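Q: Supplied in structure tokens, the structure appears directly below.
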Amino acid sequence: MTLEIAGKTFTSRLWMGTGKFSDYETMAKAHQAGETELITVAIRRVETNAPGHIGIMDHIDLDKYWLLPNTAGCTTAEEAIRVARLSKAMGINNWIKLEVIPDPKYLLPDPIATLEAAKVLVDEGFVVLPYVNADPILCKRLEEIGCATIMPLASPIGTGQGIKNLENIKIIIEQANIPVVVDAGIGVPSDAALVMEMGADFCLINTAIAQAEDPAKMAEAFKLGVQAGRAAYEAGRIPIKAYASASSPLVGVVGKS
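Below is the structure:
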């Protein structure tokens, strides 16, 4: 089942990142194996000539993948707005994954600065996809001001801790009228399957794939996990019951009358 965001239609529910891969060839193979349609990249990696940044765009086929620029590295609303405008001026597109992270230890996003920056960027015509903590109230406010998605973290970025904000993510999904992208902290495909089973629309995976022993194989595994979770959500799970219920009828059982 396809899903449209700001006029762009997606079939794959797995989005992928570009950081932490051992080399660009490994990154490209993982993107291909995951059959992703959207790749996010930090604007600072596109625009600078620092080691590890040069050549990244040579390994992303823009005819095959939709590029989601992000404001990684920004610590204030002002910085994030400036980087978003730079992205647009570079002619990439008018989408932006909004990240405002002043906390160097836990890398948790600043909710107030994120909301402030989102208001400005939405008013300027950006398609804003804000990365936030799993705060249902904040997510609703971001939806109300016109963000295209909300992107709650499952647990701190890069930790692989899995879904630590399960109940809040459930609330966010329940009340959202825009797509929910679960981003950060997902460690294994079963984590992705779990949030997809709850009704999340996409998962964005980077570290769990990039730092796996075999990134391409892990990307394929995440593709299957996301597909399984989405299919289960669409199929409709059985209710949870307190007592056992036999799966076979007792009518006709030998010794029963």
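When we follow the working numbering, the leftmost residue of the sequence shown carries the number 186, and every step to the right adds one. Where is the CB? At the ideal position from N, CA and C, for every residue including glycine. Keep in mind that this is a model prediction, so the values were computed, not measured.
(1) Does the separation of the CB atoms of residue 266 and residue 305 fall below 7 Å?
(2) Would you report the Cα separation of residue 299 and residue 262, rounded to the nearest angstrom?
(3) Give a yes or no on contact between the stretch 393-403 and the stretch 411-430, applying the rule of three or more CB pairs nearer than 8 Å.
(4) Is DSSP giving residue 298 helix, strand or coil here?
(5) Just curious, the alpha helix (DSSP H) that residue 376 is in, first and last residue?
(6) Taking the alpha-carbon positions, what's the residue 228 to residue 272 distance?
(7) With DSSP collapsed to three states, give me the class of residue 199.
(8) Taking the alpha helix (DSSP H) that residue 429 belongs to, which residues open and close that run?
(9) Name the one or two DSSP bridge partners that residue 335 has.
(10) Please confirm whether residue 367 and residue 393 have their CB atoms less than 7 Å apart.
(11) Could you give the distance in angstroms between the alpha-carbon of residue 276 and the alpha-carbon of residue 380?
A: So, to answer that:
(1) Yes, these two residues count as a Cβ contact at 7 Å.
(2) Just so you know, the alpha carbons of residue 299 and residue 262 end up roughly 6 Å apart.
(3) In short, these stretches do not touch, since the Cβ pair count stays below three.
(4) In this structure, DSSP gives residue 298 a helical state, which the three-state scheme calls helix.
(5) Where residue 376 is concerned, the enclosing alpha helix (DSSP H) stretches over 374-383.
(6) Annotation: residue 228 to residue 272 spans about 6 Å, alpha carbon to alpha carbon.
(7) Strand, per DSSP.
(8) Where residue 429 is concerned, there is no enclosing alpha helix (DSSP H), given that its DSSP letter is neither H nor E.
(9) When beta bridges are read from the DSSP output, residue 335 appears opposite 365.
(10) Residue 367 is not a Cβ neighbour of residue 393, given a cutoff of 7 Å.
(11) One C-alpha to the other measures close to 34 Å.
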